[in-house]
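Structure first, commentary second.
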Amino acid sequence: MKRQEHKCHAMRCGAPCPPKHLFCARHWKLTPQPLKERICAAYRPGQEKDKKPSKEWLKAALEARWAVARAEVLVSGEYPFAKGGE
Ligand SMILES: [Zn+2]
Numbered sequence: 022m023k024r025q026e027h028k029c030h031a032m033r034c035g036a037p038c039p040p041k042h043l044f045c046a047r048h049w050k051l052t053p054q055p056l057k058e059r060i061c062a063a064y065r066p067g068q069e070k071d072k073k074p075s076k077e078w079l080k081a082a083l084e085a086r087w088a089v090a091r092a093e094v095l096v097s098g099e100y101p102f103a104k105g106g107e
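Under the working numbering, the first residue of the sequence shown carries the number 22, and numbering increases by one thereafter.
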């Protein structure tokens with residue numbers, strides 16, 4: 022049986038990445054350093070298994086998602102949202 026692949030949480034990405042990583046390498050690079058630090062500080066080993074990340078982690082992850090989407094718009098000028106979603 023194929024294990025379900027974990028995907029990058031950045032908008033419109035979907036690149037496979039390890040479950041304990043929020044983003045693929047490309048999007049992690051676009052994440053502002055203070056947010057990276059908040060995400061790492063709030064990360065609890067095993068949260069990706071029990072799906073119970075802390076509020077701090079969720080908030081930082083959400084902010085990172087927006088920050089990365091914003092960074093991508095600034096770079097590409099493209100609308101960052103999937104059609105019908107997000
Ligand atoms: Zn990605």
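In this text, a Cβ means the ideal position worked out from N, Cα and C, and glycines have one as well.
Query: Residue 27 beta carbon near ligand 1 (any heavy atom closer than 7 Å); Result: no
Query: Inter-residue Cα distance where the pair is residue 94 and residue 66; Result: 32 Å
Query: Residue 56 and residue 36 closer than 8 Å at C-beta; Result: no
Query: Contacts around residue 79, its chain only, beta-carbon distance under 7 Å, and the 5 residues preceding and following it disregarded; Result: none
Query: Straight-line gap, residue 64 to residue 45 (C-alpha atoms, nearest Å); Result: 16 Å
Query: Inter-residue Cα distance where the pair is residue 68 and residue 74; Result: 5 Å
Query: C-beta atoms of residue 43 and residue 82 nearer than 8 Å; Result: yes
Query: N- and C-terminal bounds of the alpha helix (DSSP H) containing residue 54; Result: 54–63
Query: Backbone secondary structure at residue 50 - three-state DSSP; Result: helix
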